[in-house]
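Listed in order, the protein sequences are those of chains A and B.
Under the working numbering, the first residue of the first sequence is numbered 1, with each subsequent residue one higher.
Under the working numbering, the first residue of the second sequence is numbered 1, with each subsequent residue one higher.
Even for Gly, the Cβ is constructed at its ideal location relative to N, Cα and C.
Let me begin by presenting the structure, written as structure tokens, before commenting on it.
2 protein chains.
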Amino acid sequence: MKHWFITVDGSLKGRWKKAFENVGSSGPETVLQSAKPNDLVWLSTTVKNWPQLVPLIVAEGAVVVVLSYAPDDREALKALDLGARGYVHTLAAPEVLKQVALVVTNQGVWVGQELLAKVLGGSFKTLQQRNQGGSFQNSEYLSLLTERERGVALAVAQGATNKEVARLLDITERTVKAHLSAIFKKLAVRDRLQLILKLAPVAEQMSS
Amino acid sequence: MKHWFITVDGSLKGRWKKAFENVGSSGPETVLQSAKPNDLVWLSTTVKNWPQLVPLIVAEGAVVVVLSYAPDDREALKALDLGARGYVHTLAAPEVLKQVALVVTNQGVWVGQELLAKVLGGSFKTLQQRNQGGSFQNSEYLSLLTERERGVALAVAQGATNKEVARLLDITERTVKAHLSAIFKKLAVRDRLQLILKLAPVAEQMSS
DNA sequence: CATTTTTTTGTCCATCGGTACAATACTTTT
DNA sequence: AAAAGTATTGTACCGATGGACAAAAAAATG
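Quick look at the structure:
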């Protein structure tokens, strides 16, 4: 596994050499071509088009951690949403960087503790309120379905594939299709896309 | 370091033995007495009083990961809020379990990327709405796209098929696919289903 | 116990969706 | 003028999707 380092300020490379062995610093183009799956790419927000770069690098199979001199909630969210697995201060200590690398290369997600604490402290209530708020407009649709069908419908409304639903409910893919056919008929929709749109508000509340 | 495993369904123990060496399955009381600092306790939500157990186990110095058959935002936040360091599907593959263990025992938090992004987005939206007008969150996604891509994305967000989009924009189906591939890459989604979910609020605004 | 509903699974097949290779023409930027 | 980005279309391939026939076991209802 190799570390890549994209920034406009080469002076930072020294910090990374202290923390890691295989450090390859260079421009975005080089990294995009050279980065292999499971490599770790550290991308600075001082690079102007970093939002475009993240999905591209992720598409190569590499893991992306976004670096910022001025950590910001909005920016962190954006980074994670685009596929980054971490968001950390550019000048974080080498020990921290090692920790981040360990976590993100193992499918984990790294965000600052302040952000996490803020989220845990603040959003729990708002999520709950949301869930109680509007979950009745669509219950009329869901009430048309059987217990099992409801489970399938909600899973599909999250964007899950038949295979994923099958794994989740521990049934065969064929059975998922059977339930789906029944659901389509009952709710008078032609496919899973229309189903999502019909249940969209519900899906937004649940999500997983 | 030892793994502890609390559930009401003993049939799952086999899964854990595949993933880990030192597995100690048993009742809550035994674990509470036997668990040592830095041990890892896997706690299933099928245990009726799991919310009460989490703080108690954490107080012993052990790391807690909560297992759920039906992952859910509220439940995940509740678990983390009570002191759990991870929240994962009960039937996750052994490799995943190993990674979860690695992350949480290294001061990391495991919640899954999509969930985290969604949670952050949820709390963030409410914070932002005070300062700014409405949902610029999605126009921000759309601003990453070109003019033509935006048109395709919005059409697909209505649930249109490729053929329908082609008719609508008077281009071939092949071209629609080309634009879609670009869209998927830029917005870091795997297919049109996830795209719909990402642009759902926008679609809602348009149809209303 | 008989009937109905629900849940489950099977094979076959046509269509859709998405990617992997392309290539060409037009526009914008440098 | 050269380079880069955008829009367009082509063929081929493969996995996902949904319907058309099924059938059978389990659960609920009478």
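Asked: What is the DSSP secondary structure of residue 196(A), reduced to helix, strand or coil?; Found: helix
Asked: Per DSSP, residue 86(B) is paired with what?; Found: 65(B) and 110(B)
Asked: Rounded C-beta distance between residue 38(A) and residue 63(A)? I'm assuming under 8 Å.; Found: 7 Å
Asked: Which residue from 52(A), 188(A) and 87(A) puts its Cα closest to that of residue 142(A)?; Found: 188(A)
Asked: Which same chain residues, not among the five before or five after residue 100(B), have their C-beta less than 8 Å away from its C-beta?; Found: 65, 86, 88, 92 and 110
Asked: Note the first and the last residue of the continuous alpha helix (DSSP H) segment covering residue 184(A).; Found: 173-187
Asked: Using a beta-carbon distance cut-off of less than 8 Å, what residues from the stretch 57-68 of chain A approach chain B?; Found: 58 and 59
Asked: State yes or no: is the beta carbon of residue 180(B) nearer than 8 Å to at least one beta carbon in chain A?; Found: no
Asked: Along the chain, where does the beta strand (DSSP E) that runs through residue 43(A) open and close?; Found: 40-44
Asked: Does at least one heavy atom of the ligand MN sit under 7 Å from the Cβ of residue 7(A)?; Found: As far as ligands go, the structure on display features none, and thus does not contain the ligand MN.
Asked: So is residue 6(B) in contact with chain A if we call contact Cβ pairs under 8 Å?; Found: no
Asked: Rounded to whole angstroms, what is the Cα-Cα separation between residue 2(B) and residue 20(A)?; Found: 30 Å
Asked: Using DSSP with H/G/I as helix, E/B as strand and the rest coil, what is residue 23(A)?; Found: strand
Asked: Beta-carbon within less than 7 Å of residue 78(A)'s beta-carbon, same chain only, minus the 5 sequence neighbours each way: which residues are those?; Found: 51
Asked: Can you tell which of 152(B), 159(B), 173(B) and 6(B) has its C-alpha closest to the C-alpha of residue 213(B)?; Found: Residue 213(B) lies beyond the range of chain B shown here (1 to 208); nothing can be said about it.
Asked: Would you mind working out which of 144(A), 34(A), 56(A) and 16(A) sits nearest residue 95(A), comparing C-alpha positions?; Found: 16(A)
Asked: What does the Cβ neighbour count give for residue 130(B), buried or exposed, with the cut at 16 atoms within 10 Å?; Found: Low local confidence applies: a pLDDT of 30 at residue 130(B) is under 50, so the model's placement there is unreliable, with the coordinate-based value given in what follows. With fewer than 16 Cβ atoms within 10 Å of its Cβ, residue 130(B) is classed as exposed.
Asked: Does the distance from the CB of residue 35(B) to the CB of residue 60(B) come in under 8 Å?; Found: yes
Asked: Using CA atoms only, rank isn't needed, just tell me which of 41(A), 72(A) and 195(A) is closest to residue 150(A).; Found: 195(A)
Asked: Could you check where the alpha helix (DSSP H) with residue 29(B) kicks off and where it finishes?; Found: 28-34
Asked: Can you say whether residue 181(A) is buried or exposed, counting buried as having 16 or more other CB atoms within 10 angstroms of its CB?; Found: exposed
Asked: Does the CB of residue 127(A) have a neighbour CB from chain B at under 8 Å?; Found: Residue placement at residue 127(A) is flagged as unreliable, the pLDDT there being 38, under the threshold of 50; a coordinate-derived value is accordingly withheld.
Asked: Is it right to say residue 191(A) is buried, meaning 16 or more other beta carbons lie within 10 angstroms of its own, or is it exposed?; Found: exposed
Asked: For residue 97(A), which residues from the same chain have a beta carbon less than 7 Å from its beta carbon, with the 5 sequence-adjacent residues on both sides left out?; Found: 19
Asked: What do you reckon, are the CB atoms on residue 54(B) and residue 108(A) nearer than 8 Å?; Found: no
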